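Visitor: Chains as they are written, first to last, in my numbering: chain A, 5 to 260; chain B, 10 to 301; chain C, 7 to 371. The structure is given below, and queries will be raised subsequently.
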């Protein structure tokens, strides 16, 4: 398998309704894929299914590890799942509060994933945390402050640092810029674009905002009512949308 | 059988060491499992004992399950044989098992202890039974038992390292001074019971069998003889034990854990060995030397 | 010169003597008898039996006397005694439908087959202290329960709703597992409803009352109605292998409460009322009702409800319901902790010293 992550016929419904239906998807190393849709389109269900945070009703899901092994993600047990999340993946929540520990410092938040995989040198953990704070454009002098001392946008940067510190190959993001000021969003998107490209990171990003896709994604997928209605290279889809729903989405975005 | 008759029967007819044989068997099975997986908490069906929960029922049940007629029992609390709780427990076994009891560590085959490990090194012919209030080392960080069980199963101990990192940020050092968690046999994180961290090194590669009983929380765990026991720390903030500026005012020891006592209204302080038997033995030895 | 205090044994024995003396109180006052407690403090006896988990009125009364009226201490005495009792086996489940009823009410219906029986209850008393009770020799009236035809049907109110399919009912399954015995196995999660009910039955009445009250105030409100509360005597039967049939080994007084709670349903199943259940020894309505409210709250997960309140948190409720454990652990703080405190003192002094040093350096700079 060449793809990093491959989904075939993935279906997950809630009581026979909603969710996502029959989704096929590939993600390649270093590539950013955006899943675009309005609320209720099934995009978050799909993301959680891909990240094996929920089960699925039917379909197949495979991942190629650092060593080149292909894993059947639906057949993993709990310890294997945790190891994968810890060493190869990241998950950025829409709300930074869900992705950070509120009662420990910024430094501890960034250091924790390293401590979880065995890092035991306080000085070096601090150095790494400071370094990452700088990389996400946070003031490293604030390393001992609690997350609540930071603004929403900064907490999001903190969450991103916490996810990237272990050098993952694939990061899932659930509406990473939603709920932030427009200007804050813009700067965050800029940061994400720089990071994903510098670190050769693959990412699956869910968003309702097609502008986010335009800025970050190599490829995008449009979802409506649980199904993928259109997919392809970002530029192609945005310049020449085929499906009427995609056309509506594109038309509704104010020109930059 | 009326209540009165039942009462009479009870005061005469206790089974040896109080617990019935079925219960002892159940506890021994739990102990065997515990010894087979060092540091892992084994659930057991704790019985209500004549002492309240929280006052040593776990230790009591473990001792009751393993003690035999030929054993010699020592019971200490805070290192002393004379605190009321130690006295109470010692009387309990004297009455229900009729075993010999002693205050000398060297003469005991079983030592039941609350909050201290004796200063005198234990031998491979001895068993030490610890009274444990909270068997879960992560409980202050994660009160849910179900979640902790998962963390132990997955050896997911990041949480406690985060806590220590924060301690160093706030205090410059790890702020835990007792019940200091240890990693047993390179696998399970274990709560050693509220012994001062001063005593932690005694658990490592001890020739004695170490058994831990938590009655109220219904868990048993164990460290078999000669097992690796490592106190958590950071490479650049290594684990260290407490030191005193003073020596024991009674025996002159500079190596033992000292209790601080305030002796008058002006706040005059005196430092004395916490381990009463250790202090006593040293004084006896000194007197013998002086006599020669 | 400080000398280590010995004589812990003497101190303990003196303490026992003092305790016995205080329990007896003024010798000019007649000693209270176990029989008096058993007859005239029935409701205390009921609570001690329920939470002590032993049905023996005389024993419970004795424990209350020994504990000088401290019911939690009496409950502890009963539990400790229970540990020493041999077990012969399990009885058949009691049939509360066949109860010889002294009191039976339903708030859900105006009238019910078998009627609403008020029985002896505090409910409609006015809470004015009756100073005539200060004098003794008070002869109560010869009131008794009106003769009623014991064969007159007193079917369960919930069974009436069940006939219309309006309320969920437990149905016996073929080959279902035996419920676990919480007095033999430690509590483990996730805990089945049978295990939870055992825990709640023994749980502290005050705690359950508080948690039940919280549900009524919005912490996982379940819209409860008192479907039926009954109190009376039930027969206790046990199957004897040697005989090959069940024999009546006695009877016990119980109080049972069935709450009717808000409906639940799903895509496939039409909505029905849901239930909460409470059972206690003796006449214990408050306990049975509170237990039913908490039972219902803890069923959130199996009924597909979102868990939003600590009242629905099984670990939180079930780990803290036992007053013997709670009392032991809270009061264990009285035990010496000076070794650990010494360690804390040492750390605090060290931290303050280095803090002072930092300030010094700052001021000097």
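No residue lacks a Cβ here, since even glycine has one placed at the ideal position from N, Cα and C. Note that the structure is a prediction, hence the values are computed from the model and not measured.
Can you check the stretch 158-237 of chain B for any alpha helix (DSSP H) of at least 4 residues that lies completely inside it and give the ranges in chain order?
Guide: DSSP runs (the alpha helix (DSSP H)) wholly in the stretch 158-237 of chain B: 167-180.
Visitor: Within its chain, find whatever has a CB closer than 7 Å to the CB of residue 14/B; leave out the 5 residues flanking it on each side and keep chain order.
Guide: For the purposes of this step, residue 14/B is taken as the residue at position 5 of the second chain. Below a pLDDT of 50, predicted positions are generally treated as unreliable, and residue 14/B, at 34, falls in that range; the measurement from the model is reported next regardless. If we look at residue 14/B and ignore the five residues flanking it on each side, it has no Cβ neighbours.
Visitor: Relative to the C-alpha of residue 245/B, which candidate in 114/A, 130/A and 97/A has its C-alpha closest?
Guide: Residue 245/B sits at position 236 when you count from the first residue of the second chain. Checked all of 114/A, 130/A and 97/A; the closest Cα to residue 245/B is 130/A.
Visitor: Using the Cα positions of residue 52/A and residue 58/A, report the straight-line distance between them to the nearest angstrom.
Guide: Position 48 of the first chain, counted from the start, is the residue given in the question as residue 52/A. Position 54 of the first chain, counted from the start, is the residue given in the question as residue 58/A. Spanning the two alpha carbons is a distance of roughly 6 Å.
Visitor: Using a beta-carbon distance below 7 Å, is residue 148/A in contact with chain B?
Guide: Along the first chain, read from residue 1 onward, the residue named residue 148/A stands at position 144. Yes, contact with chain B.
Visitor: Kindly say whether residue 349/C, judged by its beta-carbon, lies nearer than 7 Å to any beta-carbon of chain B.
Guide: Against the third chain, residue 349/C aligns to sequence position 343. Interface residue, yes.
Visitor: Can you pull the chain C residues whose beta carbon is under 9 Å from the beta carbon of residue 209/B, in chain order?
Guide: Here the question's residue 209/B lines up with position 200 in the second chain. Those within 9 Å of residue 209/B in chain C number zero; the least Cβ separation is about 12 Å.
Visitor: Compare the C-alpha of residue 277/C against each of 121/C, 310/C, 71/C and 262/C and name the closest.
Guide: For the purposes of this step, residue 277/C is identified with residue 271 of the third chain, where counting begins at 1. Ranking 121/C, 310/C, 71/C and 262/C by Cα distance to residue 277/C puts 310/C first.
Visitor: Checking the sheet assignment: what are the DSSP bridge partners for residue 268/C?
Guide: Position 262 of the third chain, counted from the start, is the residue given in the question as residue 268/C. According to DSSP, which records beta bridges pairwise, residue 268/C is partnered with nothing at all.
Visitor: Would you mind giving the Cβ-Cβ distance between residue 161/A and residue 174/A, rounded to the nearest angstrom? I have them listed as a contact below 8 Å.
Guide: The residue labelled residue 161/A in the question sits at position 157 within the first chain. The residue labelled residue 174/A in the question sits at position 170 within the first chain. Contact flag wrong, Cβ pair sits at about 20 Å.
Visitor: With distances taken from CA atoms, which of 295/B, 262/B, 62/B and 168/B is nearest residue 120/A?
Guide: Taking the first residue of the first chain as position 1, residue 120/A is located at position 116. Nearest option by C-alpha distance: 168/B.
Visitor: Considering only C-alpha positions, which residue in the set 184/B, 154/B, 233/B and 176/B is nearest to residue 195/C?
Guide: What you label residue 195/C is simply residue 189 of the third chain in a count that begins at 1. Checked all of 184/B, 154/B, 233/B and 176/B; the closest Cα to residue 195/C is 154/B.
Visitor: By how many angstroms is the C-alpha of residue 93/A removed from the C-alpha of residue 87/A?
Guide: By one-based count along the first chain, residue 87/A stands at place 83. By one-based count along the first chain, residue 93/A stands at place 89. Approximately 9 Å, taken between the alpha carbons.
Visitor: Does residue 185/C come within less than 7 Å of chain B when only Cβ atoms are used?
Guide: Here residue 185/C refers to the residue found at position 179 of the third chain. By this cut-off, residue 185/C is not an interface position.
Visitor: Which class does residue 62/B belong to by DSSP, given the choice of helix, strand or coil?
Guide: The residue labelled residue 62/B in the question sits at position 53 within the second chain. Of the three classes helix, strand and coil, the one that applies to residue 62/B here is coil, per DSSP.
Visitor: So the alpha helix (DSSP H) residue 323/C belongs to, where does it begin and stop?
Guide: By one-based count along the third chain, residue 323/C stands at place 317. From DSSP, the alpha helix (DSSP H) with residue 323/C extends over 320-325.
Visitor: Kindly indicate the opening and closing residues of the alpha helix (DSSP H) around residue 135/A.
Guide: Here residue 135/A is taken as the residue at index 131 of the first chain, counted from 1. Its alpha helix (DSSP H) spans residues 126-139.
Visitor: Is any beta-carbon of chain A found at less than 7 Å from that of residue 245/B?
Guide: Position 236 of the second chain holds residue 245/B. Yes, because at least one Cβ of chain A sits closer than 7 Å to the Cβ of residue 245/B.
Visitor: Identify whether residue 28/B lies in helix, strand or coil by the three-state DSSP scheme.
Guide: As a position in the second chain, residue 28/B is number 19, starting the count at 1. Three-state DSSP puts residue 28/B in coil, outside helix and strand.
Visitor: Please confirm whether residue 346/C has its beta-carbon closer than 7 Å to some beta-carbon of chain B.
Guide: On the third chain, residue 346/C is found 340 positions in, with the first residue counted as 1. Chain B contact via Cβ: present.
Visitor: At 7 Å on the CB atoms, spell out the chain B contacts of residue 110/A, in chain order.
Guide: Within the first chain, residue 110/A is the residue found at index 106, counting from 1. Within 7 Å Cβ-Cβ: nothing; residue 110/A doesn't reach chain B, min ~10 Å.
Visitor: Our contact map puts residue 37/A next to residue 208/A with C-beta atoms below 8 Å; I'd like the distance itself, whole angstroms only.
Guide: Translated into positions along the first chain, residue 37/A becomes position 33. Translated into positions along the first chain, residue 208/A becomes position 204. That belief holds up - the Cβ atoms of residue 37/A and residue 208/A are roughly 5 Å apart, short of 8 Å.
Visitor: Can you name the residues of chain B whose CB is closer than 8 Å to the CB of residue 119/A?
Guide: The residue given as residue 119/A occupies position 115 in the first chain. Here the neighbours are 167, 170, 171 and 174.
Visitor: Give the residues from the stretch 50-80 of chain A that approach chain B closer than 7 Å (Cβ to any Cβ), ordered along the chain.
Guide: Answer in chain order: no residues at all.
Visitor: Residue 178/B versus chain A: which residues are under 8 Å apart at the beta carbon?
Guide: For the purposes of this step, residue 178/B is identified with residue 169 of the second chain, where counting begins at 1. Under the 8 Å cutoff, chain A gives 109, 111, 112 and 148.
Visitor: Determine which residues share a DSSP beta bridge with residue 93/A and list them.
Guide: In the first chain, residue 93/A corresponds to position 89, counting from 1. DSSP lists 174/A as partners of residue 93/A.
Visitor: Between which two residues does the beta strand (DSSP E) containing residue 110/C stretch?
Guide: Position 104 of the third chain, counted from the first residue, corresponds to residue 110/C. Per DSSP, residue 110/C belongs to the beta strand (DSSP E) from 106-111.
Visitor: Taking Cβ-Cβ distances below 8 Å as the criterion, which residues of the stretch 278-293 of chain C are in contact with chain B?
Guide: Those residues of the stretch 278-293 of chain C that come within reach of chain B (Cβ to Cβ, closer than 8 Å) do not exist; the list is empty.
Visitor: Go ahead and pull the three-state DSSP assignment for residue 361/C.
Guide: Locating residue 361/C in the third chain gives position 355, where the first residue counts as 1. Three-state DSSP puts residue 361/C in a helix.
Visitor: Do we get a CB-CB distance below 7 Å when we pair residue 190/C with the residues of chain B?
Guide: Position 184 of the third chain, counted from the first residue, corresponds to residue 190/C. By this cut-off, residue 190/C is an interface position.
Visitor: If you draw a straight line from the C-alpha of residue 130/B to the C-alpha of residue 211/B, how long is it?
Guide: Translated into the one-based positions of the second chain, residue 130/B becomes position 121. Translated into the one-based positions of the second chain, residue 211/B becomes position 202. Computed Cα separation, rounded: 8 Å.
Visitor: Would you say residue 10/B reaches chain A, if we count a Cβ-Cβ gap shorter than 7 Å as a contact?
Guide: The residue given as residue 10/B occupies position 1 in the second chain. The predicted position of residue 10/B is uncertain, since its pLDDT is 27 and thus under 50; a value taken from the coordinates is nonetheless stated next. Not an interface residue.
Visitor: Quick check for students: name the residue ranges of the alpha helix (DSSP H) that lie wholly in the stretch 182-235 of chain C, counting only runs of 4 or more.
Guide: Within the stretch 182-235 of chain C, the complete alpha helix (DSSP H) runs of at least 4 residues are 199-208 and 211-222.
Visitor: What's the C-alpha gap between residue 48/C and residue 41/C?
Guide: Walking along the third chain from the start, residue 48/C turns up at place 42. Walking along the third chain from the start, residue 41/C turns up at place 35. Cα to Cα, residue 48/C sits roughly 10 Å from residue 41/C.
Visitor: Measure how close the beta-carbons of residue 267/C and residue 57/C come, nearest whole angstrom, since I'm counting them as under 8 Å.
Guide: To locate residue 267/C, count along the third chain from 1; it is residue 261. To locate residue 57/C, count along the third chain from 1; it is residue 51. Actually they do not touch by this definition, with Cβ atoms about 25 Å apart.
Visitor: Anything in chain B within Cβ reach of residue 17/C, meaning under 9 Å, just list it in chain order.
Guide: The residue given as residue 17/C occupies position 11 in the third chain. Residues of chain B passing the Cβ test: 93 and 96.
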